[in-house]
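**Student:** In terms of my numbering, the sequence shown opens at residue 1126 and continues consecutively.
Ideal Cβ positions, reconstructed from N, Cα and C, are used throughout, including at glycine.
Just so you know, these numbers come straight off a predicted model, no measurement behind them.
Attaching a single structure in structure tokens format; questions to follow.
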Amino acid sequence: MSTGIRVEARDGALHVRLDRPEKRNALTREMLDGLHAALDRAENERLPVMVISASGAAFCAGADIASYAGSLDDLDALAAFGARAKSLMHRLSSSPTIVVAAVDGIAMGGGFELVLAADLVFASDRARFGLPEITLGLIPGWEGTQRLVRHLGPTRAKEAILTARVLSAPELEAAGLLNAVTTPELLSALVDERVADLVSRAPLALAAAKSAIGASYETHGRSPGSEEETRSLLALFASADGREGVRAFVEKRAARFEGR
């Protein structure tokens, strides 16, 4: 059975493609496991760069909400799913492998958090980004509340999370979150060019530079903010509003929140 992930070693880098275009590449537990396995492979084979891209019109719509909507009474299962995702984000940001994201189309929720965990991000000018969890009665839970603040500052991060506003690629390039923006037709060539440059560098120096830079801000999930994010998300899943928001999303109707 397909895991929704395609992996290929090519030209000194590991290329990982999210491959559930019919579901806008929404992340399942199997896909999270596939991404963990891909990073294992990159590290074990000492490939200095891992590129994450996607099939179809979307980069990643986030977590596959429909896959866990029937498990809202099983907080242990929800916590395990979130922990698996969050550990992936920590691994991507702390791995000696340089992680490059190539984004075309939407990157929402967990898809945006995946982007935030990458080292370098290149996007098409039609790419769109957002953290819409608030519309479900939830909050971002895969480090989104922490990483977006580092990129945009607290005021703009609060606006993005509290209003679920969709952010454009040019806007995020201007904010310094994206390394470069180009047309959809030229995105692959741009990424290949930048990856070739990285692969030509000394692997130990690449890893050391990433580690030293990360040491200035990475907490690997051990910060009070990251722990509060996890606690709050699980509490919201247990709330009436959180359950209503998820069910309303699956049923394609407006949520009716009651503040409980």
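Check the C-beta distance from Ile1231 over to Pro1173 and give it rounded, since I have them as a contact under 8 Å.
**Tutor:** The Cβ separation is near 29 Å, so there is no contact.
**Student:** Could you check the C-alpha separation between Gly1367 and Leu1315 for me, to the nearest Å?
**Tutor:** C-alpha separation (whole angstroms): 41 Å.
**Student:** Hey, could you find the ends of the beta strand (DSSP E) Gly1350 is sitting in?
**Tutor:** Taken as a continuous stretch (DSSP letters only), Gly1350 belongs to no beta strand (DSSP E), being part of the alpha helix (DSSP H) at Pro1349 to Ala1363.
**Student:** Enumerated in chain order, which unbroken segments of the beta strand (DSSP E) with a length of 3 residues or greater are wholly contained in the region 1226–1286?
**Tutor:** List check, beta strand (DSSP E) in window: 1231–1233, 1245–1249 and 1253–1255.
**Student:** Just to confirm, is the Cβ distance from Leu1160 to Val1141 under 8 Å?
**Tutor:** A contact, by the Cβ cut-off of 8 Å.
**Student:** Could you tell me how far apart the beta carbons of Ala1179 and Leu1139 are, in whole angstroms, since I believe they sit closer than 8 Å?
**Tutor:** Ala1179 to Leu1139, Cβ: 15 Å. No contact.
**Student:** Mapping the DSSP letters down to three states, classify Val1132 as helix, strand or coil.
**Tutor:** If DSSP states are grouped into helix, strand and coil, Val1132 belongs with the strands.
**Student:** Kindly indicate which three-state DSSP category Thr1288 falls into: helix, strand or coil?
**Tutor:** Thr1288 falls in the helix class under three-state DSSP.
**Student:** Look at the alpha carbon of Arg1251 and the alpha carbon of Ser1325, and state the distance between them as a whole number of angstroms.
**Tutor:** Going by the C-alpha atoms only, they are around 30 Å apart.
**Student:** Give me whichever residues DSSP pairs with Met1175 in a beta bridge.
**Tutor:** DSSP output for Met1175 lists Leu1139 and Val1224 as bridge partner(s).
**Student:** Does the distance from the C-beta atom of Leu1361 to that of Leu1263 stay below 8 Å?
**Tutor:** Yes, the Cβ-Cβ distance between Leu1361 and Leu1263 is below 8 Å.
**Student:** Name, in chain order, the residues that DSSP records as bridge partners for Ala1107.
**Tutor:** Residue 1107 falls outside the range modelled here, since the chain spans only 1126 to 1385, and no answer is possible.
**Student:** From Arg1216, Ala1210 and Glu1133, pick the residue whose C-alpha is nearest to that of Gly1339; which is it?
**Tutor:** Comparing Cα positions, the closest option is Arg1216.
**Student:** Looking at the secondary structure, which residues open and close the alpha helix (DSSP H) in which Asn1169 lies?
**Tutor:** Start and end: Arg1154 to Asn1169.
**Student:** Quick one: grab the DSSP three-state call for Ser1390.
**Tutor:** This structure leaves residue 1390 out entirely; the chain is present only between 1126 and 1385.
**Student:** Could you pull out every residue in the same chain whose Cβ sits closer than 6 Å to the Cβ of Gly1137, ignoring the five residues on either side in sequence?
**Tutor:** Val1324.
**Student:** Which residues bound the alpha helix (DSSP H) around Ser1192?
**Tutor:** Here the alpha helix (DSSP H) through Ser1192 covers Ile1190 to Tyr1193.
**Student:** Using beta-carbon positions only, say whether Arg1275 and Tyr1342 come within less than 8 Å of one another.
**Tutor:** Yes. Within cutoff.
**Student:** According to the Cβ coordinates, are Ser1249 and Ala1305 closer than 8 Å?
**Tutor:** Result no, Cβ atoms of Ser1249 and Ala1305 do not sit closer than 8 Å.
**Student:** With Lys1335 as the anchor, note down where its alpha helix (DSSP H) starts and where it stops.
**Tutor:** From DSSP, the alpha helix (DSSP H) with Lys1335 extends over Pro1328 to Gly1339.
**Student:** At a cut of 8 Å, does the region 1195–1214 reach the region 1266–1283 through at least three beta carbon pairs?
**Tutor:** Yes, the region 1195–1214 is in contact with the region 1266–1283.
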